[in-house]
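Asker: Take 0 as the starting number for the sequence shown in numbering that gives the first Met the number 0 and just add one per residue.
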Amino acid sequence: MSGKAASAESEGKALTSRATEAPETEEILRRYPPDPRHLLSILLDIQAEHRYLPRETLKTVSDYLRVPEVQVYAMATFYKVLSLKPKGRSSIKVCMGTACHLRGNVEVLRALGEHLGISPGETTSDRAFTLEVVYCLGCCSLAPAMMIDEAVYGRLTPKKAISIVEELQGKVMAK
Ligand code: FES
0 MSGKAASAES EGKALTSRAT EAPETEEILR RYPPDPRHLL SILLDIQAEH RYLPRETLKT
60 VSDYLRVPEV QVYAMATFYK VLSLKPKGRS SIKVCMGTAC HLRGNVEVLR ALGEHLGISP
120 GETTSDRAFT LEVVYCLGCC SLAPAMMIDE AVYGRLTPKK AISIVEELQG KVMAK
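1. What is the C-beta distance between R109 and P143, in whole angstroms, given that I count them as a contact (C-beta under 8 Å)?
2. Just reading off the beta strand (DSSP E) that M146 is part of, what are its end residues?
3. In angstroms, rounded to a whole number, what distance separates the CA positions of E165 and D62?
4. What are the boundary residues of the beta strand (DSSP E) that R129 is part of?
5. Considering only their Cβ atoms, is the gap separating V71 from L57 smaller than 7 Å?
6. Kindly list the residues whose CB is nearer than 8 Å to the CB of L28, restricted to its own chain and excluding five residues on each side of it in sequence; keep chain order.
7. Let me make sure I understand the geometry here. Which of S118, S90, E55, Q46 has the alpha-carbon closest to that of M145?
8. For Y152, list the residues DSSP reports as bridge partners.
9. Report whether the distance from the Cβ of L39 to the nearest heavy atom of ligand 1 is below 6 Å.
10. Give me the Cα-Cα distance between G112 and E23, rounded to the nearest whole angstrom.
11. Might you give, ordered along the chain, the residues of its own chain that have their beta carbon closer than 7 Å to the beta carbon of M74, omitting 5 neighbours on each side?
12. Excluding the 5 residues flanking P33 on each side, which residues of the same chain have their C-beta closer than 7 Å to its C-beta?
13. So, with DSSP's three-state summary, where would you put K170?
14. Which of the three DSSP states, helix, strand or coil, is assigned to T122?
15. What residue from R54, L167, L81, V80 has the CA that sits closest to E68's CA?
16. Determine which residues share a DSSP beta bridge with I117 and list them.
17. Please state if the CB of P157 and the CB of T122 are separated by a distance shorter than 7 Å.
18. Any heavy atom of ligand 1 closer than 6 Å to the CB of L136?
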């Protein structure tokens, strides 16, 4: 058996032996050869699958790529797009840039936090929403503003922000 074939066989065995641990992660790993250059791509795929990086997947990736787990952890915490905490299906980004801050988004953020029962950076227990703070959405003329997924909402008041979220919650319940 050639070295390449032996290596492919041992990769296959390694994947099979872990297959019951996290089938989605195994499926993602199969898309990439075990080369550390693919670390970021693999983490992005896992993030897309789970909406965050479950801690146990870091070990699985570390074993597969044969890189220290601390290196995987370092990359997982370096990029803002990657998260070790579960994210909601929708992300509410409340702007705290200067224009939005001056026009009352502190109150909007507080009202949304109370309405959802979470603090900024947290996710609701039903994983529907993650509440986040950002610094300028690039639409200061609409201040105070927030973004939910791809949609921007401007000239907010606490009441208006809550009614937007309530409408989305109603849609989620109706599904
Ligand atoms: S400061 Fe909020 S959109 Fe620019």
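Note that beta-carbon positions come from the ideal geometry of N, C-alpha and C, so glycine has one too.
Answerer: Answer, in terms of the structure:
1. Your numbering for residue 109 matches position 110 in the sequence shown. Your numbering for residue 143 matches position 144 in the sequence shown. 12 Å between Cβ atoms; not a contact.
2. Stepping through the sequence shown from its first residue, residue 146 is reached at position 147. Start and end: 145-147.
3. Start at 1 with the first residue of the sequence shown, and residue 165 comes out as number 166. Start at 1 with the first residue of the sequence shown, and residue 62 comes out as number 63. Their Cα atoms are separated by approximately 44 Å.
4. Here residue 129 refers to the residue found at position 130 of the sequence shown. First, the residue type needs correcting, since residue 129 is Thr and not Arg in the sequence shown. Start and end: 128-133.
5. The sequence position of residue 57 within the sequence shown is 58, counting from 1. The sequence position of residue 71 within the sequence shown is 72, counting from 1. A contact, by the Cβ cut-off of 7 Å.
6. For the purposes of this step, residue 28 is taken as the residue at position 29 of the sequence shown. L14, I41, T59, V60, Y63.
7. Taking the sequence shown and counting its residues from 1, one reaches residue 145 at position 146. Out of S118, S90, E55, Q46, S90 has the C-alpha closest to the C-alpha of M145.
8. Taking the first residue of the sequence shown as position 1, residue 152 is located at position 153. Partner(s): M145.
9. The residue labelled residue 39 in the question sits at position 40 within the sequence shown. Outside the cutoff, so no.
10. Stepping through the sequence shown from its first residue, residue 112 is reached at position 113. Stepping through the sequence shown from its first residue, residue 23 is reached at position 24. Using only the alpha carbons, I get a separation of about 32 Å.
11. Counting from 1 along the sequence shown, the entry for residue 74 is found at position 75. Same-chain partners within the cutoff: L38, L39, L42.
12. Taking the sequence shown and counting its residues from 1, the one referred to as residue 33 is at position 34. Taken in chain order, the residues that qualify are E10, Y63, L64, R65.
13. Taking the sequence shown and counting its residues from 1, the one referred to as residue 170 is at position 171. K170 falls in the helix class under three-state DSSP.
14. Here residue 122 refers to the residue found at position 123 of the sequence shown. The answer is strand: DSSP assigns T122 an E or B state.
15. Position 69 of the sequence shown, counted from the first residue, corresponds to residue 68. For E68, the nearest C-alpha among the options comes from R54.
16. Along the sequence shown, read from residue 1 onward, the residue named residue 117 stands at position 118. Per DSSP, none; premise fails for I117.
17. Sequence index remark: in the sequence shown, residue 122 carries index 123 (1-based). Sequence index remark: in the sequence shown, residue 157 carries index 158 (1-based). Result no, Cβ atoms of T122 and P157 do not sit closer than 7 Å.
18. On the sequence shown, position 137 is the one that residue 136 refers to. At least one heavy atom of ligand 1 is nearer than 6 Å to the Cβ of L136, so yes.
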